[in-house]
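Engineer:
Number of protein chains: 2
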Amino acid sequence: MDQNPPRSPSVTVADVACKAGVSKATAARVLGGYGTVSDHVRDAVTAAARALDYQPNELARSMTTGRSGTIGVVVGDIENPFFSLAMRGITDVARQTGFTVILINSGEDAATEKSAIRTLLAKRVDGLIVSPAKESDADHLREAARSGRPLVLLDRGSETLDIDTVIADDRHAAEGITRRLIALGHRRIAYITACDTPEHRFRTPADINTGSVRRRIEGFLDVCLEAGLEDMEDWVHVGAVTPEHTHRIATVMLKSSRRPTAVIASDSVIGLEVFKVCRELGLTIPNDLSLVSFHDADWTSVTTPPVTVVRQPVYGLGEAAAKLLVERLNGNTAKATRVVLKTEVVERASVAAAPT
Amino acid sequence: MDQNPPRSPSVTVADVACKAGVSKATAARVLGGYGTVSDHVRDAVTAAARALDYQPNELARSMTTGRSGTIGVVVGDIENPFFSLAMRGITDVARQTGFTVILINSGEDAATEKSAIRTLLAKRVDGLIVSPAKESDADHLREAARSGRPLVLLDRGSETLDIDTVIADDRHAAEGITRRLIALGHRRIAYITACDTPEHRFRTPADINTGSVRRRIEGFLDVCLEAGLEDMEDWVHVGAVTPEHTHRIATVMLKSSRRPTAVIASDSVIGLEVFKVCRELGLTIPNDLSLVSFHDADWTSVTTPPVTVVRQPVYGLGEAAAKLLVERLNGNTAKATRVVLKTEVVERASVAAAPT
DNA sequence: TTGAAAGCGGTACCAT
DNA sequence: ATGGTACCGCTTTCAA
Numbered sequence: 000m001d002q003n004p005p006r007s008p009s010v011t012v013a014d015v016a017c018k019a020g021v022s023k024a025t026a027a028r029v030l031g032g033y034g035t036v037s038d039h040v041r042d043a044v045t046a047a048a049r050a051l052d053y054q055p056n057e058l059a060r061s062m063t064t065g066r067s068g069t070i071g072v073v074v075g076d077i078e079n080p081f082f083s084l085a086m087r088g089i090t091d092v093a094r095q096t097g098f099t100v101i102l103i104n105s106g107e108d109a110a111t112e113k114s115a116i117r118t119l120l121a122k123r124v125d126g127l128i129v130s131p132a133k134e135s136d137a138d139h140l141r142e143a144a145r146s147g148r149p150l151v152l153l154d155r156g157s158e159t160l161d162i163d164t165v166i167a168d169d170r171h172a173a174e175g176i177t178r179r180l181i182a183l184g185h186r187r188i189a190y191i192t193a194c195d196t197p198e199h200r201f202r203t204p205a206d207i208n209t210g211s212v213r214r215r216i217e218g219f220l221d222v223c224l225e226a227g228l229e230d231m232e233d234w235v236h237v238g239a240v241t242p243e244h245t246h247r248i249a250t251v252m253l254k255s256s257r258r259p260t261a262v263i264a265s266d267s268v269i270g271l272e273v274f275k276v277c278r279e280l281g282l283t284i285p286n287d288l289s290l291v292s293f294h295d296a297d298w299t300s301v302t303t304p305p306v307t308v309v310r311q312p313v314y315g316l317g318e319a320a321a322k323l324l325v326e327r328l329n330g331n332t333a334k335a336t337r338v339v340l341k342t343e344v345v346e347r348a349s350v351a352a353a354p355t
Numbered sequence: 000m001d002q003n004p005p006r007s008p009s010v011t012v013a014d015v016a017c018k019a020g021v022s023k024a025t026a027a028r029v030l031g032g033y034g035t036v037s038d039h040v041r042d043a044v045t046a047a048a049r050a051l052d053y054q055p056n057e058l059a060r061s062m063t064t065g066r067s068g069t070i071g072v073v074v075g076d077i078e079n080p081f082f083s084l085a086m087r088g089i090t091d092v093a094r095q096t097g098f099t100v101i102l103i104n105s106g107e108d109a110a111t112e113k114s115a116i117r118t119l120l121a122k123r124v125d126g127l128i129v130s131p132a133k134e135s136d137a138d139h140l141r142e143a144a145r146s147g148r149p150l151v152l153l154d155r156g157s158e159t160l161d162i163d164t165v166i167a168d169d170r171h172a173a174e175g176i177t178r179r180l181i182a183l184g185h186r187r188i189a190y191i192t193a194c195d196t197p198e199h200r201f202r203t204p205a206d207i208n209t210g211s212v213r214r215r216i217e218g219f220l221d222v223c224l225e226a227g228l229e230d231m232e233d234w235v236h237v238g239a240v241t242p243e244h245t246h247r248i249a250t251v252m253l254k255s256s257r258r259p260t261a262v263i264a265s266d267s268v269i270g271l272e273v274f275k276v277c278r279e280l281g282l283t284i285p286n287d288l289s290l291v292s293f294h295d296a297d298w299t300s301v302t303t304p305p306v307t308v309v310r311q312p313v314y315g316l317g318e319a320a321a322k323l324l325v326e327r328l329n330g331n332t333a334k335a336t337r338v339v340l341k342t343e344v345v346e347r348a349s350v351a352a353a354p355t
């Protein structure tokens, strides 16, 4: 009985107003749900809108209100379970609070991140959540902060930046597991991270541009020093940026005559690869090698042996960041906060006393 | 020397034009990179823009051009490795082609999905990629398609819908693994999926609203029938929507006196949970139970034994969907395509002959 | 309660 | 090559 509604150049408030026999302003009031309208008129406009299949144009609305109802998120790699879980936390909060999320992958590349932020700002997002690849050049972060739109740093962020930040207590976690390993007699403890340095080798924590990782390494080195272990810097391996890189690094390391007796993996993707290399090399965990990984990824509990991990409240990290951002969006102008969430070591069976 | 640039109510083309001593139209031309301008004027405008720290407003641009440079993506759950990997494929293509991605999680809920699409359409995304939770009521999909903005269905999509779709050859994969299990002597083969039916029990594939899963179950049942196995419908378990649900279902199933000798898990999250339950119950894989899972998740290769999986080209699925969408955006108006990507069975060690 | 009209920040057409 | 100006679709004074 009714034809296919003519869906050409989109129905506007003016059209609805016309059909309802009222002014544009009135129609806009009922359609936009603001101002006061008589019931009679409201019904007429609503009916007209339905008849015409009116679809509001958020873009136009954003133009005048200055708010887009959108938050921009920049992460290193959405494929990484860490980020996808944090993202879940962010999107959940966003939906609950009526926001929508624009996601951009930086690939952990500073230049891409920079342009991502520009793009997001140009699209007039109301706020930003960024997990900065490098903290060294943070100009674009400052710029974003100055743009007037709130910015929250996720999992990373330098102490020097006066910006809202949500992180886990990585340093504390690293100290804990390092102490535990040392207590078990380990002296040759390796730390493997994706973060790279210009020379592809590690000298000092200052070389590490990723806050969360830097803090972990500092904790690791401090505890080692405290225990009288020196030159542990040599045991820090950088550049495990892809599974292939990690595979190469782990293989060389574990084939070495002076191979470590324990390995700390900076994330679950690296931990998984180290686990695989052990298998290939016929190394038994935990007899030949103890393994601890950051991030309680799903696979860590089903391997043989299951692996001991640092459980980070990843979902909570995303959730907290989003909540903090929404507060700012709602006018909270208190000075920059630094939210630090607790981690927890989940002891499983991949850690044992050092081989004698 | 220069003060903090006054960042209040954003700099516009008019401001730049004024400062550069040209008209708004001219300034817009150089800022927008269209039309023709003399080098002299271009430099002046560029300089003025930099001095004022001009930031273009994409919203305003979108208003007049009608294109937002944005594509909307609706998936069931970004936390699921399947979707996060597909998302990676999508975002990579988007970035390469100059688009930006808005992500909404439907939580596999039809109502949420519906409103997500409305929201996205209201935000005037240029196109949509949706992984529909249910195919039964696809009105919102039709509506989206009719809105004039291209829509591509990801991993799911019914044959009856005349909409671009990118899927894997799930049916073929299911047939292959079912044949293999039967050849190994299995007769009691269970299939576990997250898809649910109103009565929380399975009767016929027609009850399954998720295309990819329905095709798999059809393949499974057909091959069983072909082999003379009847009433295999009883071995299909639905409702494994969360790890907790899966745990319950798998426990009941595997504790039963007439427990299956083989299990097919419809995704890696379910497969992982079944694996865990086997451990808890002291069931040895593959001696007591053979296990096959869809999705070659990272953990499947490091368990003991490693598990046999159906490898789906997940990244490729996202990539193909995004490419198809971009083509449409570039004016390709050929009739709706159905891209089917090949799967591959990765034989590992979780499948053996049925216990005698 | 309702209507008229001025923007929001660009784009694009039409003159000059 | 440049300037003037009418939109895009909605919100928001300000009057009536």
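From first to last, the protein sequence lines stand for chains A and B. Heads up: the first sequence at position 239 corresponds to 238 in numbering that gives the first Met the number 0, and the numbers run straight through without jumps. Heads up: the second sequence at position 344 corresponds to 343 in numbering that gives the first Met the number 0, and the numbers run straight through without jumps. Note that the Cβ used here is the ideal one computed from N, Cα and C, for glycine as well.
#1: Rounded to a whole number of angstroms, what is the C-alpha to C-alpha distance between A/R6 and B/L150?
#2: According to a CB-to-CB cut-off of less than 8 Å, which residues of the region 46-67 of chain B neighbour chain A?
#3: Write down every uninterrupted run of the beta strand (DSSP E) in the region 221-280 of chain A whose length is 3 residues or greater and which is fully enclosed by it, in chain order.
#4: Closest to A/P354 by CA distance: which of A/A320, A/R310 and A/R257 is it?
#5: Within 10 angstroms of its Cβ, does A/Y53 collect 16 or more other Cβ (buried), or is it exposed?
#6: Is B/T203 close to chain A? Criterion is C-beta to C-beta, closer than 7 Å.
#7: Which residues, in chain order, does the region 90-108 of chain B contribute to contact with chain A at a C-beta distance below 8 Å?
#8: Beta carbons nearer than 7 Å to chain B: which residues of the region 135-152 of chain A have them?
#9: Kindly indicate which three-state DSSP category A/V344 falls into: helix, strand or coil?
#10: For chain A, find out if any of its Cβ atoms is closer than 7 Å to the Cβ of B/L271; answer yes or no.
#11: Comparing alpha-carbon positions, which option in A/G106, A/L340 and A/C277 lies nearest A/V306?
#12: Listing by chain order, which chain A residues have their CB less than 7 Å from the CB of B/M86?
#13: Would you say the region 218-233 of chain A touches the region 182-196 of chain A, given that touching needs at least three Cβ pairs under 8 Å?
#14: May I ask you to report which of helix, strand or coil DSSP gives A/P5?
#15: In terms of residue numbering, what span does the beta strand (DSSP E) encompassing A/Y314 cover?
#16: Using a Cβ-Cβ cut-off of less than 9 Å, list which residues of the region 108-123 of chain A approach chain B; keep chain order.
#17: Could you tell me which uninterrupted beta strand (DSSP E) segments, each at least 3 residues in length, are contained entirely in the region 134-218 of chain B, listed from first to last along the chain?
#18: Between B/D297 and chain A, is any beta-carbon pair separated by less than 7 Å?
#19: Could you check where the alpha helix (DSSP H) with A/T111 kicks off and where it finishes?
#20: Does any CB atom of chain A fall closer than 7 Å to the CB of B/S349?
#21: Is the beta carbon of A/K23 closer than 7 Å to that of A/V12?
#22: When you compare only the Cα positions, how much space is there between A/S211 and A/T203?
#23: Given this structure, state the Cα-to-Cα distance separating A/R357 from A/L228, to the nearest angstrom.
#24: Please go through the region 5-40 of chain B and give each complete beta strand (DSSP E) segment of 3 or more residues, from N-terminal end onward.
#25: Touching or not, the region 330-337 of chain B and the region 151-171 of chain B, by the rule of three or more beta carbon pairs under 8 Å?
#26: Beta strand (DSSP E) containing B/S292: first to last residue?
#27: Quickly, what does DSSP pair B/T332 with across the bridge? List them, please.
#28: Note down, in chain order, all residues in the region 301-325 of chain A with a beta-carbon under 7 Å from any beta-carbon belonging to chain B.
#29: Note down the Cα distance separating A/A249 from A/V273, rounded to an integer number of angstroms.
#30: The alpha helix (DSSP H) with B/R60 in it runs from where to where?
#31: Are B/V15 and B/A43 closer than 7 Å when you measure CB to CB?
#32: Pull the bridge partners of A/V89 from the DSSP assignment, please.
#33: Could you please tell me which residues of the region 260-287 of chain A, in chain order, have their CB closer than 9 Å to any CB of chain B?
#34: In whole angstroms, what separates the C-alpha of B/A351 from that of B/E279?
Structural biologist: In short, the structure shows the following:
#1: In this predicted model, A/R6 has a pLDDT of only 44, less than 50, meaning its place in the structure is not dependable; the value taken from the coordinates is given anyway. Rounded to whole angstroms, A/R6 to B/L150 spans 16 Å at the Cα level.
#2: Listed in sequence order: Q54, P55, N56, E57, L58, A59, S61, M62 and S67.
#3: Taking only runs of at least 3 residues, the beta strand (DSSP E) segments lying wholly in the region 221-280 of chain A are 261-264.
#4: The shortest C-alpha separation from A/P354 is found at A/R257.
#5: By the 10 Å Cβ count, A/Y53 comes out buried.
#6: At a cut-off of 7 Å between C-beta atoms, B/T203 does not count as an interface residue with respect to chain A.
#7: So the list reads T90, D91, R94, T99, V100, I101, L102, I103 and N104, given in the order they occur along the chain.
#8: Listed in chain order, the positions of the region 135-152 of chain A with a beta carbon within less than 7 Å of a beta carbon of chain B are R145, S146 and G147.
#9: Correct three-state label for A/V344: strand.
#10: Yes, contact with chain A.
#11: Selected option, being the one with the closest Cα: A/C277.
#12: What B/M86 touches in chain A: I77.
#13: Yes: at least three Cβ pairs fall under 8 Å.
#14: Because A/P5 sits at a pLDDT of 39, beneath the cut-off of 50, its placement in the model cannot be relied upon, and the following sentence gives the value as read from the coordinates. A/P5: coil per DSSP, three-state reduction.
#15: Segment V313 to L328 is the alpha helix (DSSP H) holding A/Y314; no beta strand (DSSP E) there.
#16: Residues of the region 108-123 of chain A with a C-beta less than 9 Å from any C-beta of chain B: T111, A115, R117, T118, L119, L120, A121, K122 and R123, listed in chain order.
#17: Within the region 134-218 of chain B, the complete beta strand (DSSP E) runs of at least 3 residues are 150-153, 163-167 and 188-191.
#18: Output row for B/D297: interface = yes.
#19: For A/T111, the enclosing alpha helix (DSSP H) begins and ends at A109 to A121.
#20: With 7 Å as the cut-off, B/S349 does not count as an interface residue toward chain A.
#21: Result yes, Cβ atoms of A/V12 and A/K23 sit closer than 7 Å.
#22: Distance between the alpha carbons of A/S211 and A/T203: 15 Å.
#23: A question about residue 357 of chain A goes unanswered here, because the residues of chain A that appear run from 0 up to 355.
#24: If we require 3 residues or more, the region 5-40 of chain B turns out to have no beta strand (DSSP E) run fully inside it.
#25: Three or more Cβ pairs closer than 8 Å define a contact, and the region 330-337 of chain B meets that threshold against the region 151-171 of chain B.
#26: S289 to F293 is the span of the beta strand (DSSP E), which, as asked, contains B/S292.
#27: Answer by DSSP bridge pairing: none, since B/T332 is not bridged.
#28: Of all residues in the region 301-325 of chain A, V301, T302 and T303 have a Cβ within less than 7 Å of some Cβ in chain B.
#29: Taken atom to atom, the span from the alpha-carbon of A/A249 to that of A/V273 is near 6 Å.
#30: E57 to T64 is the span of the alpha helix (DSSP H), which, as asked, contains B/R60.
#31: Their beta carbons are not under 7 Å apart, which means B/V15 does not touch B/A43 by this criterion.
#32: First, the residue type needs correcting, since residue 89 of chain A is Ile and not Val in the sequence shown. In the DSSP assignment, no residue is bridged to A/I89.
#33: Answer in chain order: S267, V268, L271, F274, K275 and R278.
#34: Taking the Cα positions, B/A351 is about 20 Å away from B/E279.
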